[in-house]
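Report on the structure given below.
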Amino acid sequence: MTIAKVEPFILHVPVTGSSISDSTHTLSHWGVVGLRITTRDGFVGTGFTGTHADLAGDRLVTACIASCYAELLVGEDEADITRLWQKIARHPPMQWIGRAGISHIALGAVDIALWDIKAQRAEQPLWKLLGGATTERLMAYNTDIGWLSIPDDQLIAGARQAVGEDGFRGIKVKVGSADMARDLRRLQAVRRAIGPGIMLAVDGNGRWDLPTAMRFCREAEGLDIFWFEEPLWYDDIAGHAALARASRIPVALGEQLYTAEAFSEFIGRGAVHFVQPDVTRLAGITEYIRVAEIAHAARLPVVAHAGDMSQVHVHLAYWHPASAMLEYIPWIKDCFEEPIAVVDGDFLRPQRPGAGTAIRHEAFASFAKSLG
Ligand code: 0YR
Ligand code: MG
0 MTIAKVEPFI LHVPVTGSSI SDSTHTLSHW GVVGLRITTR DGFVGTGFTG THADLAGDRL
60 VTACIASCYA ELLVGEDEAD ITRLWQKIAR HPPMQWIGRA GISHIALGAV DIALWDIKAQ
120 RAEQPLWKLL GGATTERLMA YNTDIGWLSI PDDQLIAGAR QAVGEDGFRG IKVKVGSADM
180 ARDLRRLQAV RRAIGPGIML AVDGNGRWDL PTAMRFCREA EGLDIFWFEE PLWYDDIAGH
240 AALARASRIP VALGEQLYTA EAFSEFIGRG AVHFVQPDVT RLAGITEYIR VAEIAHAARL
300 PVVAHAGDMS QVHVHLAYWH PASAMLEYIP WIKDCFEEPI AVVDGDFLRP QRPGAGTAIR
360 HEAFASFAKS LG
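Written out as structure tokens, the structure reads:
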């Protein structure tokens with residue numbers, strides 16, 4: 000079938016509370032930035048990336064789609080996902096100036112929209128189209144209770160509520176403060192509040208250097224930290240390899256890596272234990288699958304990062320056998336026709352045909368921004 004129309008969009012959706020911070024970012028909205036692809040016979044596929052809702056940056060993504068990718072897509076058979084992925088990635092001007100960054104992210108949004116149509120045509124949810132679920136239950140862990148901007152008392156109350164009333168069996172708490180003692184104190188209080196049986200991960204968002212991260216790992220040893228995510232600068236393979244050797248806390252990373260080749264390097268050099276690809280930073284589902292297969296071949300667990308707030312990843316995680324669990328942040332879920340949902344600490348398995356990306360009209364009405 001044939002692609003008739005490519006329409007970019009930008010949504011800015013509020014986060015929980017008025018804003019949140021990790022060690023490196025403060026944001027009030029999550030950007031849902033992507034496109035809808037319409038076929039001549041009336042199918043509509045939706046794909047998007049996740050941003051910190053900076054309009055100038057978001058418009059670079061939509062401009063790339065509108066001014067460069069649209070003409071490579073219109074008139075093509077939308078079922079040829081691999082071929083179209085190659086066509087865009089190897090388009091001479093893009094290959095020269097755009098092998099990573101904005102253009103790569105924009106290709107990811109295109110790729111997701113194409114998979115969304117393929118699954119709709121097959122009348123199957125994406126996980127089924129890809130080969131079926133390999134797990135009965137997919138554990139959710141809650142990141143939204145753990146921001147660095149949350150005061151100590153609220154952090155502890157939120158952690159208690161998440162594992163009590165809400166039924167989560169895992170949570171993640173941000174670290175990377177200028178004052179490491181503050182992070183350690185908060186983690187000790189959280190561990191006391193949730194008890195020993197709950198998965199507790201920490202996320203430094205790339206803030207610290209190697210000696211600081213090593214000291215943190217020594218000090219945090221008794222807290223049963225499940226992983227230390229982005230302990231160091233995103234691209235520092237040697238540093239992560241050194242930390243992985245020196246510390247007994249497993250290393251997690253991947254949300255800032257753009258390509259399958261980058262993941263290969265980290266995995267090959269023993270610099271990562273929990274592999275965290277993201278369809279919205281990689282060039283979509285096509286490249287995510289490559290990463291998951293590389294990780295699986297090294298027998299490492301895959302825990303996708305929630306750039307899509309898990310709308311797409313829930314499909315991939317139910318399907319791919321290397322998936323260990325999945326991140327839960329509820330900011331944008333109500334924008335979608337089939338929102339992600341967690342019951343008794345597990346993600347519900349999506350049922351609707353497609354990739355989980357169809358956006359409700361009301362969300363466009365409430366959150367759409369001008370493309371400039
Ligand atoms: C806020 N998840 C993360 C958010 C999140 C960031 O900056 O984007 O904390 O992507 O690290 O694991
Ligand atoms: Mg992270």
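Here the sequence shown stands for residues 0 to 371, where the numbers follow numbering that gives the first Met the number 0. Glycine included, every Cβ here is placed at the ideal spot set by N, Cα and C.
- Message: So, under 8 Å CB-CB, T1 and G74 are touching, yes? Tell me the CB distance rounded to an integer number of Å.
- Response: For the purposes of this step, residue 1 is taken as residue 2 along the sequence shown, with counting starting at 1. For the purposes of this step, residue 74 is taken as residue 75 along the sequence shown, with counting starting at 1. Right, their Cβ atoms sit about 6 Å apart.
- Across which residues does DSSP place A200 in a beta bridge pair? The residue given as residue 200 occupies position 201 in the sequence shown. Under DSSP, the beta-bridge partners assigned to A200 are K171.
- Message: Which of the three DSSP states is assigned to F335 in this structure?
- Response: As a first step, residue 335 is located in the sequence shown; it is residue number 336 there, counting from the start. F335 falls in the strand class under three-state DSSP.
- Query: Going by the beta-carbon positions, is the gap between A3 and R58 smaller than 8 Å?
  - Reply: Against the sequence shown, residue 3 aligns to sequence position 4. Against the sequence shown, residue 58 aligns to sequence position 59. Contact check for A3 against R58 fails: the beta carbons are separated by 8 Å or more.
- Query: Mind checking G97: buried by the 16 CB within 10 Å criterion, or exposed?
  - Reply: By one-based count along the sequence shown, residue 97 stands at place 98. Looking at its Cβ environment, which holds 16 or more other Cβ atoms inside 10 Å, G97 is buried.
- Message: Would you say the beta carbon of D79 is closer than 7 Å to some non-hydrogen atom of the ligand MG?
- Response: Against the sequence shown, residue 79 aligns to sequence position 80. Distances taken from the Cβ of D79 to the heavy atoms of the ligand MG include none shorter than 7 Å.
- Using CA coordinates, which residue listed in A55, I284, I149 is at the minimum distance from T258? Taking the sequence shown and counting its residues from 1, the one referred to as residue 258 is at position 259. Comparing Cα positions, the closest option is I284.
- Report the three-state DSSP secondary structure of H314 (helix, strand or coil). Position 315 of the sequence shown, counting from 1, holds the residue named residue 314. In the three-state scheme derived from DSSP, where H, G and I count as helix and E and B as strand, H314 is classed as helix.
- Message: Can you give me the C-alpha to C-alpha distance between L71 and D345, rounded to a whole angstrom?
- Response: Residue mapping note: residue 71 aligns to position 72 of the sequence shown, counting from 1. Residue mapping note: residue 345 aligns to position 346 of the sequence shown, counting from 1. Approximately 40 Å, taken between the alpha carbons.
- Query: Helix, strand or coil: how does DSSP classify I111 here?
  - Reply: Here the question's residue 111 lines up with position 112 in the sequence shown. I111 sits in a helix when the DSSP states are folded into three classes.
- Item | A354 to P210 span [Cα, whole Å] | Sequence index remark: in the sequence shown, residue 354 carries index 355 (1-based). Sequence index remark: in the sequence shown, residue 210 carries index 211 (1-based). Computed Cα separation, rounded: 42 Å.
- Is any heavy atom of the ligand 0YR found at a distance shorter than 7 Å from the C-beta of H24? Within the sequence shown, residue 24 is the residue found at index 25, counting from 1. Relative to the ligand 0YR, H24 has its C-beta within less than 7 Å of a heavy atom.
- Message: Tell me the rounded alpha-carbon separation between I116 and H51.
- Response: Counted from its first residue, the sequence shown places residue 116 at position 117. Counted from its first residue, the sequence shown places residue 51 at position 52. Looking at the two C-alpha atoms, the distance is approximately 27 Å.
- Message: If I follow the unbroken beta strand (DSSP E) through R35, where does it start and stop?
- Response: Here residue 35 refers to the residue found at position 36 when the sequence shown is read from its first residue. For R35, the uninterrupted beta strand (DSSP E) segment begins and ends at 28-38.
- Status (buried if at least 16 other CB within 10 Å, exposed otherwise) for W330: The residue you call residue 330 lines up with position 331 of the sequence shown. It counts as buried.
- Item | Where K368 falls: helix, strand or coil (DSSP) | Looking up residue 368 in the sequence shown gives position 369. In this structure, K368 counts as coil in the three-state DSSP scheme.
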